[in-house]
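Engineer:
In UniProt numbering, the protein residues as written are 1 to 269.
(1) Any contact between the segment 98 to 106 and the segment 120 to 138? By contact I mean 3 or more CB pairs, one from each, below 8 Å.
(2) Would you kindly work out how many angstroms separate the C-alpha atoms of residue 169 and residue 9, rounded to a whole number?
(3) Mapping DSSP to helix, strand and coil, what is residue 164?
(4) Say whether the segment 102 to 118 touches the segment 146 to 158, bearing in mind that this needs 3 or more beta-carbon pairs closer than 8 Å, one atom from each stretch.
(5) Mind listing, in chain order, the continuous beta strand (DSSP E) runs of no fewer than 3 residues lying wholly within the segment 121 to 181?
(6) Just list the residues that DSSP pairs residue 19 with in beta bridges.
(7) DSSP three-state call for residue 265: helix, strand or coil?
(8) Where residue 30 and residue 226 are concerned, what is the direct C-alpha to C-alpha distance, given to the nearest angstrom?
(9) What is the DSSP secondary structure of residue 248, reduced to helix, strand or coil?
(10) Measuring only the C-alpha atoms, how far is residue 211 from residue 136?
(11) So residue 70 is in the beta strand (DSSP E); what residue range does that whole segment cover?
(12) Among 82, 201 and 209, which residue has its Cα nearest to the Cα of residue 112?
(13) Check whether the Cβ of residue 187 sits closer than 7 Å to any heavy atom of the ligand ADP, and report yes or no.
(14) What residue range is occupied by the uninterrupted beta strand (DSSP E) comprising residue 11?
(15) Restricting to Cα atoms, I'd like to know which of 110, 167 and 40 is closest to residue 208.
(16) Rounded to whole angstroms, what is the Cα-Cα separation between residue 191 and residue 185?
(17) How would you label residue 38, buried or exposed, when you count the other beta carbons within 10 angstroms and need 16 or more for buried?
(18) From the DSSP output, which residues share a beta bridge with residue 212?
(19) Helix, strand or coil for residue 185 per DSSP?
(20) Are the Cβ atoms of residue 53 and residue 164 separated by less than 8 Å?
(21) Have a look at 104, 91 and 32 and flag the residue whose alpha-carbon is nearest the alpha-carbon of residue 22.
(22) Just mark residue 203 as buried or exposed, buried being the case when its beta carbon has 16 or more other beta carbons within 10 Å.
(23) Since residue 138 and residue 198 are thought to touch, with beta carbons under 8 Å apart, how far apart are those beta carbons, to the nearest angstrom?
(24) Are the beta-carbon atoms belonging to residue 110 and residue 93 less than 8 Å from one another?
(25) Residues in its own chain within less than 7 Å of residue 74 by CB, not counting five upstream and five downstream?
(26) What three-state label does DSSP hand residue 40 in the structure shown?
(27) Identify, in the order they occur along the chain, each residue of the same chain with its Cβ nearer than 7 Å to the Cβ of residue 159, setting aside the five sequence neighbours on each side.
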């Protein structure tokens, strides 16, 4: 038992034989996945929750749950290499075997990680190639936008109970950031507050403080000259809609290779 403080009664954890309840069971899937189990356990319900009130111990539990879920996915890939068409890499395997034989080395078992596995080197390389293809088709991006989570947002502070702090509730911080990010994308893409968007690229990462950061987003507008930029009231829109605490100054001269605009939401830069 790893977490006696969180589960003093020895509650049952996830297992391969755990089945869905009758109303959630289907013909294709009748067993609970590891991701579904931890999503259920991390859900916030009415009343006191010992798990969510455990501070750093809760964060360690979340990290362990993520590592176990990721490990299960990797183990599934390792055991189902034939379904991933690994025979296409037979030439690479033969080359490694020949090289090892010439150097009197022992060849281990090669496991191919598909590009569909997010975060893998192949996935990152494929995303990079897709981004370069978009630049080749639409040209260089016109705007560079950054958007950082602010732990002082009312939507984050209001759900806190007792002595809870935002740094101890990453689940609430991540959910609020996701909702605000969705609203930001709707403003820029669907409502077209800055004009028509032909394509866009973005990355979500976590800073060292543990806060979500939305960065490296390239919007490709039909902007060719500085007069086209003046058609969009960027600063006025940000200040009016989001009441940011950061001051802005008008840009009179636009130099090449400079950051034109940094999006600020709720005081976060």
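All residues carry an ideal CB built from backbone N, CA and C; glycine is no exception.
Structural biologist: Quick look at the numbers:
(1) These segments do not touch.
(2) 24 Å
(3) coil
(4) no
(5) 143 to 148, all fully within the segment 121 to 181.
(6) In the DSSP assignment, residue 19 is bridged to 31.
(7) Unreliable positioning characterises residue 265 in this predicted model, as indicated by a pLDDT of 37, which lies under 50. The coordinate reading is nonetheless provided below. Three-state result, residue 265: strand.
(8) Whole-angstrom Cα-Cα distance: 59 Å.
(9) Confidence is the limiting factor: at residue 248 the pLDDT is only 47, short of 50, which leaves the residue's position unreliable, though a coordinate-based value still follows. Coil, per DSSP.
(10) 33 Å
(11) Note, residue 70: premise wrong, no beta strand (DSSP E); alpha helix (DSSP H) at 56 to 79.
(12) 82
(13) The ligand ADP is not part of this structure, which contains no ligands at all.
(14) Where residue 11 is concerned, there is no enclosing beta strand (DSSP E), because DSSP gives it neither an H nor an E.
(15) 167
(16) 9 Å
(17) buried
(18) 206
(19) helix
(20) yes
(21) 32
(22) The Cβ neighbour count for residue 203, taken over all protein chains shown within 10 Å, is under 16; the residue is labelled exposed.
(23) The pair is a contact, with the Cβ atoms about 6 Å apart (cut-off 8 Å).
(24) With contacts defined by Cβ atoms closer than 8 Å, residue 110 and residue 93 form a contacting pair.
(25) none
(26) helix
(27) In its chain, beyond the 5 residues on either side, 172 have a beta carbon closer than 7 Å to the beta carbon of residue 159.
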